[in-house]
Structure formats: structure tokens, C-alpha cells
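S.K.:
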Amino acid sequence: MTPLEILAAAASGAPAPRIPIFCNLLDQGAKELGMHAKEYFSKGECVAEAQLRMLKRYGQDNVWSLHYVGKEAELLGCKEILFADDGVPNVADFVIKNLDDVATFEIPADITQVPAWQSIAECMSILRGEVGATHPICAYLTASTTLPSILMGMDKWMELFLLGPFDVRDELLRKCSDFFQQHISALRAAGANVLIYSSPFGSPYFVGKNIIQKTVLPWMRRDLQPGGVDDVVYYCGMAPFNEVIELVFDELKIKTHHISPLADLAEAKRLINTRGLTCGVIDDIKMINWTEDETRAEVKRIIDIGKPGGHFLFCNGVMPMTVPEANIRGMVEAAFEYGRLE
Amino acid sequence: MFEAYIQSYNEAVFETDKQAALEVVNRALAEGYSPEDIVFKPVIPAVEAMMTLIENDPDANLAQHFMTAQIAADVTERMLEKFSKPPEMIGRVVIGAAYGDLHSLGKRIVSGCLKSLMVDVIDLGINVNAEKFVDAAVDEDAQVIAVSAMMVHTATGENGSLRVRALLKERGLEDQIKLAVGGAPYRFDPELYAKVGADAWAPDGVTAAKVIVQLIHEVKHDAA
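Quick note, the sequences are listed as chains A and B, same order. First residue of the first sequence? That's 61 in the numbering used here, and the numbers climb one at a time after it. First residue of the second sequence? That's 1310 in the numbering used here, and the numbers climb one at a time after it.
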């Protein structure tokens, strides 16, 4: 079976030789090609080549088109990203500097015509051509209720979100949701088929469940309405969200859930059961200091919880660059070993 | 009578209702209570109660932390302007986001709580290099350096807390200045704070204020 078929089997509960094994290696690409981060991320062909090289080395099931989260801010006018050779690029220029900017903030008529999109298009085109027929291509999208945090800073967004003025907040949310709808449509058209819906404000770790129901949920519905949710993964930026799994099923109909390493995986699996796909996620920040044996033991622990009854996928979070290569290899090898189903 | 204000204020804070909290304060002022009464009776105990609540409730959310800090800092700032004489501060902290880190929410929550607990806060902003942290702590006679890092590389990198620790050691300042850290990576690996040379960490901004106050007391106790 191809990785795409294995993923489909896990989602539906059909027989398969093993569970799907996703490995998220986003920041390792520059090092893989011996480039500085800024130069690496400027070329979609480099991002694609690094993904394909790492796919060949580790043999996991997926590749990623994501360059870095701030790319969405660049699509919306951000002019400066702070690159680091040892970690994740940061948004260094907020598009919305004060609340008056919300009124003049505009979503491009067609984001695929924006210069910042071109490297994504290039990357997607290569990945689709090389492995699109066999492997899931993951893409990352920030929910409308979280996107403002990279447009104006998390603290200012939290203040506007909770304290208002609410007409300004809702105008910004509408624009962000419009952008989201364009973005998801463009990524689907380019060939992405596993869409990570990043919605930290949809986690009770960020805001109370009542706020999620009253304020966040309607915007999530609006974000996702066009195109459906069959290819969407609910993800809260590594924050736990077991408390709202039921809500996500009922209100958003999303069936695939990326469970935080800080959450109770057994509880999540019980809640999701055979209705959807539980993604068990290893705490890859701990992998920085673990031995290979400790990494393997944790992979086994996670798979032992999730594998019985099927409908389970193993993956990591964001894999910091300081995680030893031996631990990445050990993680993937252990996942293949313990994830066998036949 | 004042007990009723304390109760109403506490309820407003727990409900994260800033407007209601400010209304309670304004009513108490109109009744003739002093700004000192308001800060030392409802505000500080409410922050401390919220700290206890959050410490004992793993489900307390970021919005509650943020609003607790916002309300406490706002009310305290308004009242301090009206104090008959400046209050005695319990200590001083320099705070900032680590080198390469542009996130400001965490330190804003910590700062808000600290201010209401009568701690002087010197906010160095974001993307702060280690030398600046240590120089500022020395210049300002601070007992604690607090470094916020929301990304793994800014938490563990050579130019972050590790460098602050190295400078404190080099300059013989380790007894006078303690190092506290916080931010998402530390939640995922509770042992990480020690690996980056910190004296203490906290899983959230509100608890961080409590931890920093403890460090201030330690430094002052050792110096006495």
C-alpha cells in the first residue's frame, strides 16, 4: 500500500499493514542543504528538495509544504521576518500596528498573485510531481481567530479579543476568515491533501470553553465552510483540547485530531474512538535530551495506547533543530516497528 | 462594608470581568476608602488567590491569566497615583523576551501581576541580549532577571538564559541576582529550566510572579 492508502485505511478502519507514521521536519531543511535559513526559505525548490531528501532518509509517510508560520503574515503584507539558523523564523514586522490599521488592512484579491506565494507554489509543484500520487502532502493554515496574533502580536490580539472594541475585533476576524478561505482553497488547488487547521484559540488552554462556543466556534465554522473538512486536521498549536473534541465533532465535523503531548492520549482515543483518526504526538522537546532508547520507549508507550482498535496515526510536533539525528531516526524506526498491524 | 467590596472585586477577577472590577474600585473610592486600602485589601489578596487557584487548577486558561494580570496591573496603577506616599516595594526585577524572541504576551502577564504585588518591574522589551539583561539588573539593583522564551531555540540557545547564567557567574553575581525563566518550551520539558542555568521556572505567567517574589525574598534573606 502507498502511504496515501495507509492513511486512508487508518481513517476508515480498513485493514493495513501498519499505522501511518508522520514526521514533521520543518526546520531541519536548511541544514540538510547546508544553507542559511533565509536563503533556504526564499526558494520553494530548496524546501521541496529538503523534504524529499529527508523522506528518502527516514521513509516516513508525509512531506510538508510549510515554509514557516510567518509566511501567512507575509502574504498579508509583513515586510520583515527574523530568521535564525538554529530555530524557527519569527514575524518581526506587524502589519497591524494599532487598532486604526484594522480598517485599512486589506486581504489580497488573489493571494496566489502575491510574491510571497511564489515559493509555496514552486514547492507544492515539485512535491506534487514527485510524490503527490503516493504520499500525503501536509500544509498548515492558521485559523481566523489565531491569525491576528501574527499580524499584531499575541498580547495585543488577546487584549482586543477579550476586551474589544468588539466591532473592530469582528472586522479583523472577518478579514482573517476571508483570507483563510482563500488560503485553504489555494493550497488544495496546489495539491495539499492534509490540511493542518491551527486553532490555538480553539483550545481550552487558551480561552474558556464558553468563549470557544460563543466566539471562536462561529468563526471556525465560517473558515471551514467552503470545501468541507475531510482533509482537515484539528490542531491547537500543541495545546491540549480533549475537552472540546466532542464539540469539534458535533459542530465542525472534523474527524482527525492532533493530540497535544500534554493531553491524556488514552482519553482522547476513547473520545474519538472509531469515529475518526487520533494522532498520537511525541513530545519532541524532550527528545532534545533523551537518549535513543528513551525516544524508542516513548514511541512504544504512545503506540501501545493508540494502536488497539486502529484509527490511529503516530507523529511528532515541531522537532526542534537541536534534537539529535539519532533520535529522529530512532523515533521513526520505532514507530515502524511498534506500528505494525499484521 | 469593605468586606462586600473585597468579595465583589474577587468575583469580578475570577470572572475575568475587568469593567466590573473597576466599578467595584470606583464605588469603594466614592465611599471614601483610601487607595492604599483598595490595593492592600482586595487587589493583592485577589492576585494571590488567583495564583493559588491557577496553581491548583491545571485547566485554568491563558485568558484568565491575562485578565488577572491586566485587571490587577490596571487597578494598581490607578491607585498608586493616588497614594498619599509611595508604597514600599518588595524588590525589583528586570524582565524581557530572550534574544531572538519577539513574543511579549508572557512577560506582560508576569509584569502585570508583579506590579500589583509591589515589585518594581524594569521591562527590557523583546529580543534582549544576555549582556543587556545583566547590565540592567546591575544598574537597577534588581534581585531577579526574568527571561521569557516562547521558542525552543530562544529558550535553549547559547545567547539566551545560558549566556545570562555565564555572565552572572563570570561577574560573581550569582548570589545577588537570581535567574527565572518561562515560556512554552518549559511546559513541555519541566527539567529544561535547570539545563539552561535558571534558578526557577513557572508553567504560566501568574505563577511566575509568585516564583519571582520568592526569589526576591531569597536574595534579600541571604543578603541580610
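Note that the Cβ used here is the ideal one computed from N, Cα and C, for glycine as well. Since this is a predicted model, take the numbers as computed values, not measurements.
Where B/L1488 and B/R1336 are concerned, what is the direct C-alpha to C-alpha distance, given to the nearest angstrom?
M.R.: Cα to Cα, B/L1488 sits roughly 40 Å from B/R1336.
S.K.: With a threshold of 16 other CB atoms inside 10 Å of the CB of A/K367, please say whether the residue is buried or exposed.
M.R.: Buried, by the Cβ-count rule.
S.K.: Extract the residue ranges of the alpha helix (DSSP H) inside the region 1454-1528 of chain B, only unbroken runs of 4 or more that lie entirely within it.
M.R.: Listed in chain order, they are 1461-1465, 1470-1479, 1493-1497 and 1501-1504.
S.K.: Consult DSSP for A/N387 and reduce its assignment to one of helix, strand or coil.
M.R.: A/N387: helix per DSSP, three-state reduction.
S.K.: So, do the region 1383-1392 of chain B and the region 1339-1355 of chain B have three or more beta carbon pairs nearer to each other than 8 Å?
M.R.: Yes, the region 1383-1392 of chain B is in contact with the region 1339-1355 of chain B.
S.K.: Considering only C-alpha positions, which residue in the set A/F374, A/R113 and A/D324 is nearest to A/G340?
M.R.: It is A/F374 whose Cα lies nearest to the Cα of A/G340.
S.K.: Alpha carbon to alpha carbon, how far is A/T351 from A/Q88? Give it in angstroms, no decimals.
M.R.: In a straight line, the C-alpha of A/Q88 is about 19 Å away from that of A/T351.
S.K.: Can you list the residues of chain B that A/P278 reaches, using a CB-CB cut of under 7 Å?
M.R.: Within chain B, no residue comes near A/P278; the closest Cβ sits about 17 Å away, beyond 7 Å.
S.K.: Distance, Cα to Cα, B/Q1485 vs A/K216?
M.R.: Straight-line Cα distance between these residues: approximately 34 Å.
S.K.: Assign A/T194 to one of two classes, buried (16 or more other C-beta atoms within 10 Å of its C-beta) or exposed (fewer than that).
M.R.: Classification of A/T194: exposed, given that the 10 Å Cβ count is below 16.
S.K.: Roughly how many angstroms separate the alpha carbons of A/Q111 and B/G1514, rounded to a whole number?
M.R.: Those two C-alpha atoms are separated by around 37 Å.
S.K.: So is the beta-carbon of A/L337 under 8 Å away from any non-hydrogen atom of the ligand GDP?
M.R.: The ligand GDP is not part of the structure shown, which contains no ligands of any sort.
S.K.: Between which two residues does the beta strand (DSSP E) containing A/I79 stretch?
M.R.: A/I79 -> no beta strand (DSSP E), and no H or E assigned at all.
S.K.: At what residues does the alpha helix (DSSP H) containing A/S179 begin and finish?
M.R.: Taken as a continuous stretch (DSSP letters only), the alpha helix (DSSP H) holding A/S179 covers P175 to V191.
S.K.: Would A/L67 pass as a contact of A/P196 if the rule is Cβ separation under 9 Å?
M.R.: Contact flag set, yes.
S.K.: Specify, as a first and last residue, the run of the beta strand (DSSP E) that A/Y200 falls within.
M.R.: Unbroken beta strand (DSSP E) run through A/Y200: I197 to T202.
S.K.: Does the distance from the CB of A/I271 to the CB of A/L307 come in under 9 Å?
M.R.: For A/I271 and A/L307, no; Cβs fall outside 9 Å.
S.K.: Let me know if B/M1398 comes out buried or exposed under the rule of 16 or more other beta-carbons within 10 Å of its beta-carbon.
M.R.: The residue in question, B/M1398, is exposed, as its Cβ has fewer than 16 Cβ neighbours within 10 Å.
S.K.: So with CB distances below 8 Å, who are the chain B contacts of A/F266?
M.R.: The contacting residues are N1370, L1371 and A1372.
S.K.: Give me, in chain order, the residues of the same chain whose beta-carbon lies closer than 8 Å to that of A/V191; leave out the 5 immediate sequence neighbours on both sides.
M.R.: Contacts found: L112, L115, V123 and I197.
S.K.: Alpha carbon to alpha carbon, what distance is there between A/V292 and A/I256?
M.R.: Near 6 Å, if we compare the C-alpha coordinates of A/V292 and A/I256.
S.K.: What three-state label does DSSP hand A/H96 in the structure shown?
M.R.: DSSP places A/H96 in coil when its eight states are reduced to three.
S.K.: Runs of 4 residues minimum, wholly inside the region 246-315 of chain A: which ones carry the alpha helix (DSSP H) assignment?
M.R.: Correct list: 277-284.
S.K.: Would you say A/T382 lies against chain B (beta-carbon separation less than 9 Å)?
M.R.: It does; some Cβ of chain B falls within 9 Å.
S.K.: Which chain B residues are close to A/N84, counting only those with a beta carbon under 9 Å from its beta carbon?
M.R.: Going along chain B, no residue has its Cβ under 9 Å from A/N84, so there is no contact; the nearest lies around 14 Å.
S.K.: What does the alpha-carbon distance come out to for the pair A/A74 and A/Y294?
M.R.: Using only the alpha carbons, I get a separation of about 22 Å.
S.K.: Using a Cβ-Cβ distance under 9 Å, would B/L1433 count as near chain A?
M.R.: It does not; no Cβ of chain A falls within 9 Å.
S.K.: Should A/D310 be flagged as near chain D, meaning a C-beta pair shorter than 9 Å?
M.R.: Absent from the structure: chain D. Protein chains present are A and B.
S.K.: Beta carbons nearer than 8 Å to chain A: which residues of the region 1458-1472 of chain B have them?
M.R.: Cβ contacts with chain A come from M1460, V1461, H1462, T1463, T1465 and G1466.
S.K.: Where do the ends of the beta strand (DSSP E) carrying A/L337 lie?
M.R.: First-last of the beta strand (DSSP E) with A/L337: L337 to I342.
S.K.: For chain A, find out if any of its Cβ atoms is closer than 9 Å to the Cβ of B/L1501; answer yes or no.
M.R.: Yes, its Cβ sits closer than 9 Å to a Cβ of chain A.
S.K.: Does the distance from the C-beta atom of B/M1376 to that of B/G1415 stay below 9 Å?
M.R.: Going by C-beta atoms, B/M1376 is not nearer than 9 Å to B/G1415.
S.K.: Chain B partners of A/I345, CB-CB under 8 Å?
M.R.: Near A/I345 (Cβ distances below 8 Å), the residues of chain B are V1461, P1494, F1497, D1498 and L1501.
S.K.: What residues of chain A sit near B/K1327, judged by a beta carbon separation below 7 Å?
M.R.: What B/K1327 touches in chain A: L223.
S.K.: Starting from B/V1403 and walking both ways along the beta strand (DSSP E), at which residues does that stretch end?
M.R.: G1400 to A1406 is the span of the beta strand (DSSP E), which, as asked, contains B/V1403.
S.K.: Measuring only between beta-carbons, confirm whether A/D215 sits less than 9 Å from chain B.
M.R.: True, the Cβ-Cβ gap to chain B drops below 9 Å.
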